[in-house]
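Input: a single structure, listed below in structure tokens.
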């Protein structure tokens, strides 16, 4: 986030998203298809598509990207080890948990990280008349689908013989590695004069960590603006 007097950098494939911003936000202060290529305190150099680089003067800068991009823009952050995540999607007509909860492997059997009945929270995601189950496995050696389905029978305490595999999605750099001993869980929100970094690589490696990090950065900027820091 930059001040020009109020710039925000946003990269998206869908220009229609511009219309979703509040009308009071000037459209000419939202840059789409624009890469930030260098960051210094008070300055952001950008490379818009098919135009010359531009330097923006900023009062506050927030870097909210994946860990590799953040480290490229701010080398002082250092490299971040990443973990692969593989998610298996199944459809089933059998009723499972009535609550939208995440099921964990408390016995540490070492195959499945977690499983959730997605359609309990979002019924429209499942095929008509069925439930949608999403199961995640961490690491590069993802097991075959039948192995995962057999493990799901134990995890959900039900037969999975009739479960229908829908798809398997692999994301190579899905989560930052939380290598023990982790030590300090949360890294500082501010990494330089009025330069802030948000993301799960600054907190716990999870969606919750990404949200918590963003909340901390927003609070830090607001305190800075109000003169409390």
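Numbering (this note's numbering), first residue to last: 103 to 331. Using N, Cα and C, we set each Cβ at its ideal position, and we do this for glycine too. Note that the coordinates shown come from a computational prediction; the quantities given were computed from them, not determined experimentally.
| query | result |
| --- | --- |
| Distance, residue 249 Cα to residue 296 Cα | 50 Å |
| Any 3 or more C-beta pairs closer than 8 Å across the stretch 147 to 159 and the stretch 197 to 208 | no |
| Secondary structure of residue 213, DSSP reduced to three states | coil |
| Test: residue 183 CB closer than 8 Å to a CB of chain B | Of the protein chains in the structure, only one exists, and it is not chain B. |
| Cβ-based neighbour list, residue 216, same chain, cut-off 6 Å, excluding 5 preceding and 5 following | 204, 206, 238 |
| C-alpha gap between residue 145 and residue 228, whole angstroms | 46 Å |
| For residue 232 and residue 173, believed in contact at Cβ under 8 Å, the rounded distance | Contact flag wrong, Cβ pair sits at about 42 Å. |
| Alpha-carbon to alpha-carbon, residue 185 and residue 277 | 5 Å |
| Residues near residue 71 in its chain [Cβ-Cβ closer than 6 Å; skip 5 each side] | Residue 71 is absent from the model: the chain starts at 103 and stops at 331. |
| Span separating the alpha-carbon of residue 134 from that of residue 191 | 33 Å |
| With 16 other Cβ atoms within 10 Å as the buried cut-off, status of residue 315 | buried |
| Rounded straight-line distance, which links the Cα of residue 147 to that of residue 157 | 4 Å |
| Spatial distance of residue 307 from residue 300 (CA atoms) | 12 Å |
| Spatially closest choice to residue 271 from 241, 261, 159, by CA coordinates | 241 |
| Whole-Å CB distance - residue 332 paired with residue 244, under 8 Å assumed | Any question about residue 332 goes unanswered here, given that the chain covers just 103 to 331. |
| Residue 171 to residue 302 span [Cα, whole Å] | 13 Å |
| Length at least 3, wholly inside the stretch 202 to 268: the beta strand (DSSP E) runs in chain order | 204 to 206, 216 to 219, 233 to 240 |
| Start-to-end residues for the beta strand (DSSP E) that takes in residue 158 | 156 to 159 |
| Ordered list of alpha helix (DSSP H) runs contained in the stretch 139 to 183, each at least 4 residues | 169 to 175 |
| Outcome for residue 343 when other beta-carbon atoms lying within 10 angstroms are tallied against a minimum of 16 | Here the chain covers residues 103 to 331 and nothing more, so residue 343 does not appear. |
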